[in-house]
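Right, one structure below, let's go through it.
Number of protein chains: 2
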Amino acid sequence: MPRIGRTGELMWLRLFQRFAQPPGTLQRQLCDMLVQAVAQGFLAPGAALPASRTLAAELGLSRTTVTLALQALTDRGILIGRQRSGYFVAPPLPAASIAAQPDHQALAGGAADWRARLQMQPSAQRNIVKPTDWQGQPYPFIYGQFDGALFPFRDWRACALESLQPQAVRRWAPDHLDRDDTALVDQIHRRLLPARGIWVERDEILITCGVQQASFLLAMLLIGPDTRVGIEDPGYPDARNNFSLRSAHVTALPVDGDGLVLGPKLAGCEYVYVTPSHQCPTTVTMPLARRQALLAMAQRDDFVVIEDDHESELNFDSQPTPALKSLDKSQRVLYLGSLSKTLAHGLRLGYLVAPAALVRELRALRRLMMRHVPTNNQQSAASFIAHGYHEAYLRKLNRVYRERAAALHTALARHAPTLHAVVAQGGSAVWVTGQAGLDCQALAERLYPQGVVVERGDIFYQTGAHGQQQLRIGYSSIPLERIEAGVKIIGQALLGSDTRL
Amino acid sequence: MPRIGRTGELMWLRLFQRFAQPPGTLQRQLCDMLVQAVAQGFLAPGAALPASRTLAAELGLSRTTVTLALQALTDRGILIGRQRSGYFVAPPLPAASIAAQPDHQALAGGAADWRARLQMQPSAQRNIVKPTDWQGQPYPFIYGQFDGALFPFRDWRACALESLQPQAVRRWAPDHLDRDDTALVDQIHRRLLPARGIWVERDEILITCGVQQASFLLAMLLIGPDTRVGIEDPGYPDARNNFSLRSAHVTALPVDGDGLVLGPKLAGCEYVYVTPSHQCPTTVTMPLARRQALLAMAQRDDFVVIEDDHESELNFDSQPTPALKSLDKSQRVLYLGSLSKTLAHGLRLGYLVAPAALVRELRALRRLMMRHVPTNNQQSAASFIAHGYHEAYLRKLNRVYRERAAALHTALARHAPTLHAVVAQGGSAVWVTGQAGLDCQALAERLYPQGVVVERGDIFYQTGAHGQQQLRIGYSSIPLERIEAGVKIIGQALLGSDTRL
């Protein structure tokens, strides 16, 4: 619980000008102002007011006026007076006791017309929405979140503590302009990428705020209004939205049990965004033969592959398939890696691999966008990987996820036999298809009040007309022993007529 | 010093395929591969190799071949064999002893033509460049960096430790999609903004990765190819570059001793970027009357003011001027605040204040760009402000900077009388103009080998034809007692003919 700071930093005169209600005595106006400031949260419960002498001087009022106002508010229970230490804001009151006059400051004429000024309207895009209170739900079949029971708090803490040593702070605190932390680049260069079969130079690596920023940078730099971009359908909505922001020619490419289909829709694409390790959202892995065929096509038809190596670290097989990038002999694959899934989403850490000439431009663009990824987190993450904690954590996640996936498949077969599930070869979710007529949105909405969080499938398709029968059921945040009970509730809901179109 | 992790995560077969030099025995090829892997840093000094049995299985070689190769490299001093624990990479060797064959893997035909694919070339923009080794220089008159002698290590550590408690990690670790940390929004809402006279609602605040990201978001959302944007000249190059990325109509607006001139060049501007608190780079403060006149013009001529409240926290006067935004009655001012200067640049923390409808779009755009600002740092910063450490740090910075500014002005008058200095009313740098013919770039280059870091002035102007006689001399990173000696060196350099055009 943070201490409540002093309120000496407020500009009292401007507070007075803003909140005083003109008709009435100055004392009355001062009372109004203080009541408003408390009601609107600018003065927090427990905060100390300045000495009446100081306040009077700042507001240009007599000290008597101020003293009388403070006394009046003390009588009303809004302030508390303490002998020799002055006045403090009282603990929170029932809302009714404060006349919470809303701030009706009418805008002066000539306000800007913001709608007319917008060059785009990103809020109108279809996107994944997650309930903010999912952590309080008993059956969080939510995707890509965080399980406090698995996270190695002690290991992360040890690494974060290293980055709090004065010598380490001296390294990360200055403005790094466009540079990355060399220790993290080193770990990616000689540990994370080689584990995917990828051997590149350090100047082919750029640290990003997650895969999200990597795809945004590529969209900005490489995609213009007429560029043709293909993306898996169903696919990753956040990447699709990034490309749609730049080009009107985003093509939906079909997916089968081996991932992206190498079909006629690829013709004319200049960029193809693909998730070969575990297709998002279906989780299937693209076999080696198809990978090689895709690369051969890219070279023949002169397109570039953007490989999002989605959840490659989460693999129930002992032999992971090498990344597309590791097979790339003509620098046609741009590679996106994430540390969010395996470290923590909130840290926003990822990386991008591209030819050095392209990284130079991406780095200059990232500088414009935010300069660099916060350096203290880069240092902590580098140390987490260097100590071997990251590998140990991945082994643990794989063991636990394998168990959870098995339990989920068993429970689905028993309690929700109308759902057809794609068998999880890795990753952290199961993709299921219900019977004709299932309305996934209605189902998700019906399940939520019962404490079951699942993700509707339609959001992964370019047009909402598809995926109405589909769901993504995540298991990265739900304990093993809750899985069956949660699936039982899903099974019951499927019987109700209100979950059908 | 991090321990060296095991190398079990390498894909050995792909390493072999990549680095083995085909002509020669398999044993020879394996040696080549290992030498290359060590030379290129994929195998770090001290790293343990897998057991020979494992390696043989992964590579499809006989165990004898592997054992002989490892033994041969041990004889060459590249590996070290330890009884019962296996082989390890030897400590770094003189470069000559490793035949560091560069990787000449020729690109297969059909590589992508990246130059033709670029939609923009941000690396070509003129920008501030800072030497990476400035911390090792005796006279770092560098701008906006970090002084380890002033930073409250203990206070920051205490706040960062709070955010490492398991309960706190549970709050920051999940994916927050487009949300901000409520504790940091609260501190900005009821402490930082009211200290600038600004009283807004919580939904008018967006956390950003510094002012850099705030200006990029605004440029993306509001500025199109034909939008006319005005920016101070000299002005902040990173903002100018952001606007130039979007529009070909960026107008240079003159500046005088009171900041932005309200002259004819403002006509037709749809957006005006301004730094009224301390003009960047001249450090002058815009008086209240000019602020009011600027707002009246904005309303009359229907333009929007982007207020970068640059270094408002660093004020040697006891009475800071209220922000433009605090005077704004028609929601025409978009406000950018920074925590970089006063917390630490490397953390990349700032905020943006705008009408709620605009914040909604900016938030959706930020989601596409990176989702959200790393939440662990948001929590630590919120706690740093809530505990009052931020205010205490600001008081300390102001006290120390006032002394340094005075010492700098005295030293300049004594040792470099040909430089005309703008008197610092606050901020962290002094802006100086030399005599006709001074070549600031040549001067900066001549000073650097003598351990003196200063910033050339031309970079702050839209065209490099201006500012050749000007310099920014920062004092946020140089100790008081070094100032005079550093200025003496500047004074001597000014006498040399090689610093004139």
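Protein sequence lines correspond, in order, to chains A and B. Take the first sequence: its letters are residues 1 to 501, numbered as in our numbering. Take the second sequence: its letters are residues 1001 to 1501, numbered as in our numbering. C-beta atoms are modelled at their ideal positions from N, C-alpha and C, and glycine is treated no differently.
request  = Identify which residue in B:L1118, B:A1044 and B:E1058 has its Cα closest to the Cα of F1016 (chain B).
outcome  = On the second sequence, residue 1016 (chain B) is found 16 positions in, with the first residue counted as 1. Per the C-alpha coordinates, the member of B:L1118, B:A1044 and B:E1058 positioned closest to F1016 (chain B) is B:E1058.
message = Checking 8 Å against the spacing of the C-beta atoms, do M1011 (chain B) and P194 (chain A) come in under that value?
response = The residue given as residue 1011 (chain B) occupies position 11 in the second sequence. The residue given as residue 194 (chain A) occupies position 194 in the first sequence. Yes; because the gap between Cβ atoms is below 8 Å, this pair is in contact.
task = Check the C-beta distance from L1394 (chain B) over to E1313 (chain B) and give it rounded, since I have them as a contact under 8 Å.
result = Here residue 1394 (chain B) is taken as the residue at index 394 of the second sequence, counted from 1. Here residue 1313 (chain B) is taken as the residue at index 313 of the second sequence, counted from 1. Yes, they are in contact, since the Cβ atoms of L1394 (chain B) and E1313 (chain B) sit about 5 Å apart, within 8 Å.
inquiry  = I'd like to check one pair, S1052 (chain B) with L1070 (chain B): are the Cβ atoms closer than 8 Å?
reply    = Reading the second sequence from its first residue, position 70 is the one you call residue 1070 (chain B). Reading the second sequence from its first residue, position 52 is the one you call residue 1052 (chain B). Contact flag set, yes.
task = Give me the Cα-Cα distance between T182 (chain A) and V304 (chain A), rounded to the nearest whole angstrom.
result = On the first sequence, position 182 is the one that residue 182 (chain A) refers to. On the first sequence, position 304 is the one that residue 304 (chain A) refers to. Taking the straight line from one Cα to the other gives about 28 Å.
inquiry  = On the DSSP bridge list, what partners appear for F88 (chain A)?
reply    = In the first sequence, counting from the first residue as 1, residue 88 (chain A) sits at position 88. In DSSP, F88 (chain A) forms a bridge with A:A48 and A:I80.
key: Short CB-CB distance (under 8 Å) between H189 (chain A) and chain B   = Locating residue 189 (chain A) in the first sequence gives position 189, counting from the first residue. Yes, H189 (chain A) counts as interfacial toward chain B.
key: chain A contact residues for P1374 (chain B), given Cβ-Cβ distances below 7 Å   = If you number the second sequence from 1, residue 1374 (chain B) lands on position 374. Near P1374 (chain B) (Cβ distances below 7 Å), the residues of chain A are G346, L347, R348, P374 and N377.
task = Report the rounded CA-to-CA distance for T1074 (chain B) versus E391 (chain A), giving the unit in angstroms.
result = In the second sequence, the residue the question calls residue 1074 (chain B) occupies position 74. In the first sequence, the residue the question calls residue 391 (chain A) occupies position 391. Rounded to whole angstroms, T1074 (chain B) to E391 (chain A) spans 28 Å at the Cα level.
query = chain A partners of E1455 (chain B), CB-CB under 9 Å?
reply = In the second sequence, the residue the question calls residue 1455 (chain B) occupies position 455. What E1455 (chain B) touches in chain A: nothing, since even the nearest Cβ is about 13 Å away.
inquiry  = Which same chain residues end up closer than 6 Å to A1160 (chain B) when comparing Cβ atoms and leaving out the 5 residues on each side of it in sequence?
reply    = Position 160 of the second sequence, counting from 1, holds the residue named residue 1160 (chain B). For A1160 (chain B), where only same-chain residues beyond five positions count, the Cβ hits under 6 Å are S1380.
query = Are the CB atoms of Y351 (chain A) and L177 (chain A) nearer to each other than 8 Å?
reply = Looking up residue 351 (chain A) in the first sequence gives position 351. Looking up residue 177 (chain A) in the first sequence gives position 177. Taking 8 Å as the Cβ cut-off, Y351 (chain A) and L177 (chain A) do not qualify as a contacting pair.
key: Option nearest A72 (chain A) by Cα separation, candidates A:L30, A:P50, A:P45 and A:Q83   = The residue given as residue 72 (chain A) occupies position 72 in the first sequence. Cα-wise, what sits closest to A72 (chain A) is A:L30.
task = Tell me whether N315 (chain A) sits in a helix, a strand or coil according to DSSP, three-state version.
result = Mapped onto the first sequence, residue 315 (chain A) falls at position 315. If DSSP states are grouped into helix, strand and coil, N315 (chain A) belongs with the strands.
Every unbroken alpha helix (DSSP H) inside the region 413–472 of chain A [4 residues or more] = 440–447
message = Just to confirm the assignment, what range does the beta strand (DSSP E) spanning V487 (chain A) have?
response = Translated into positions along the first sequence, residue 487 (chain A) becomes position 487. Where V487 (chain A) is concerned, there is no enclosing beta strand (DSSP E), although the alpha helix (DSSP H) around it starts and stops at I483 to L495.
inquiry  = Using a 10 Å radius around the Cβ and a threshold of 16 neighbouring Cβ atoms, would you call D1302 (chain B) buried or exposed?
reply    = The residue you call residue 1302 (chain B) lines up with position 302 of the second sequence. That one is exposed.
message = Applying the 10 Å Cβ sphere with the 16-neighbour rule, what's the burial state of P22 (chain A)?
response = Position 22 of the first sequence, counted from the first residue, corresponds to residue 22 (chain A). Flag for P22 (chain A) reads exposed.
N- and C-terminal bounds of the alpha helix (DSSP H) containing G230 (chain A) = Start at 1 with the first residue of the first sequence, and residue 230 (chain A) comes out as number 230. Not the alpha helix (DSSP H): G230 (chain A) falls in the beta strand (DSSP E), residues V229 to D233.
Separation of P322 (chain A) from D133 (chain A), as counted between CA atoms = Against the first sequence, residue 133 (chain A) aligns to sequence position 133. Against the first sequence, residue 322 (chain A) aligns to sequence position 322. So the alpha carbons of these two residues sit roughly 38 Å apart.
message = Just verifying my parser: in three-state terms, what is the DSSP assignment at A267 (chain A)?
response = On the first sequence, residue 267 (chain A) is found 267 positions in, with the first residue counted as 1. Residue state, collapsed to three classes: coil.
ask   = How would you list, in chain order, the residues of chain B whose beta-carbon sits under 9 Å from the beta-carbon of P91 (chain A)?
value = Residue numbering aside, residue 91 (chain A) sits at position 91 when the first sequence is read from its first letter. Those within 9 Å of P91 (chain A) in chain B number zero; the least Cβ separation is about 16 Å.
request  = Identify the contact partners of G235 (chain A) in chain B, using a Cβ-Cβ distance below 7 Å as the criterion.
outcome  = The count along the first sequence starts at 1 and reaches residue 235 (chain A) at position 235. Within 7 Å Cβ-Cβ: nothing; G235 (chain A) doesn't reach chain B, min ~15 Å.
ask   = Between B:A1354, B:E1162, B:L1061 and B:A1037, which lies nearest to I1078 (chain B) when the distance is taken from Cα to Cα?
value = Your numbering for residue 1078 (chain B) matches position 78 in the second sequence. It is B:A1037 whose Cα lies nearest to the Cα of I1078 (chain B).
ask   = Shortest alpha-carbon distance to V1423 (chain B) belongs to which of B:G1257, B:G1230 and B:L1447?
value = Position 423 of the second sequence, counting from 1, holds the residue named residue 1423 (chain B). Comparing Cα positions, the closest option is B:G1257.
ask   = If you scan the region 345–372 of chain A from start to end, which runs of the beta strand (DSSP E) of 3 or more residues do you find wholly inside it?
value = Fully enclosed beta strand (DSSP E) runs of 3 or longer: 350–353.
ask   = Secondary structure at S1338 (chain B), three-state DSSP: helix, strand or coil?
value = Mapped onto the second sequence, residue 1338 (chain B) falls at position 338. Of the three classes helix, strand and coil, the one that applies to S1338 (chain B) here is strand, per DSSP.
key: With 16 other Cβ atoms within 10 Å as the buried cut-off, status of D1226 (chain B)   = Translated into positions along the second sequence, residue 1226 (chain B) becomes position 226. By the Cβ neighbour-count rule, D1226 (chain B) is exposed, with fewer than 16 other Cβ atoms within 10 Å of its own.
Under 7 Å (Cβ pairs) to chain B, residues found in the region 9–29 of chain A = E9, L10, M11, R14, L15 and R18
request  = Helix, strand or coil for V1284 (chain B), going by three-state DSSP, please let me know.
outcome  = Position 284 of the second sequence, counted from the start, is the residue given in the question as residue 1284 (chain B). Reduced to three states, the DSSP call for V1284 (chain B) is coil.
task = Using the DSSP secondary-structure output, state which residues sit across from E1500 (chain B) in a beta bridge.
result = Position 500 of the second sequence, counting from 1, holds the residue named residue 1500 (chain B). Glu is not the amino acid found at residue 1500 (chain B); the sequence shown has Arg there. For R1500 (chain B), DSSP records a beta bridge to B:L1438.
task = Kindly give me the distance between the Cβ atoms of E311 (chain A) and S277 (chain A), rounded to whole angstroms, as I take these residues to be in contact under 8 Å.
result = Working through the first sequence from its first residue, we reach residue 311 (chain A) at position 311. Working through the first sequence from its first residue, we reach residue 277 (chain A) at position 277. With 8 Å as the limit, E311 (chain A) and S277 (chain A) qualify as a contact, their Cβ atoms being about 6 Å apart.
query = CB-CB under 8 Å to V1261 (chain B), same chain, minus the five flanking residues each way: which ones, in chain order?
reply = Here the question's residue 1261 (chain B) lines up with position 261 in the second sequence. Excluding sequence neighbours, V1261 (chain B) sits near L1253, P1254 and V1255.
query = Would you report the Cα separation of V430 (chain A) and A421 (chain A), rounded to the nearest angstrom?
reply = If you number the first sequence from 1, residue 430 (chain A) lands on position 430. If you number the first sequence from 1, residue 421 (chain A) lands on position 421. C-alpha of V430 (chain A) to C-alpha of A421 (chain A): approximately 7 Å in a straight line.
task = For Q1137 (chain B), collect the residues of the same chain with a Cβ closer than 7 Å to its Cβ; drop the 5 residues on either side in sequence, then sort them by chain order.
result = Taking the second sequence and counting its residues from 1, the one referred to as residue 1137 (chain B) is at position 137. Excluding sequence neighbours, Q1137 (chain B) sits near G1451 and V1453.
query = Under 8 Å, do L221 (chain A) and M1120 (chain B) count as touching if we go by C-beta distance?
reply = Along the first sequence, one-based indexing puts residue 221 (chain A) at 221. Along the second sequence, one-based indexing puts residue 1120 (chain B) at 120. Yes, these two residues count as a Cβ contact at 8 Å.
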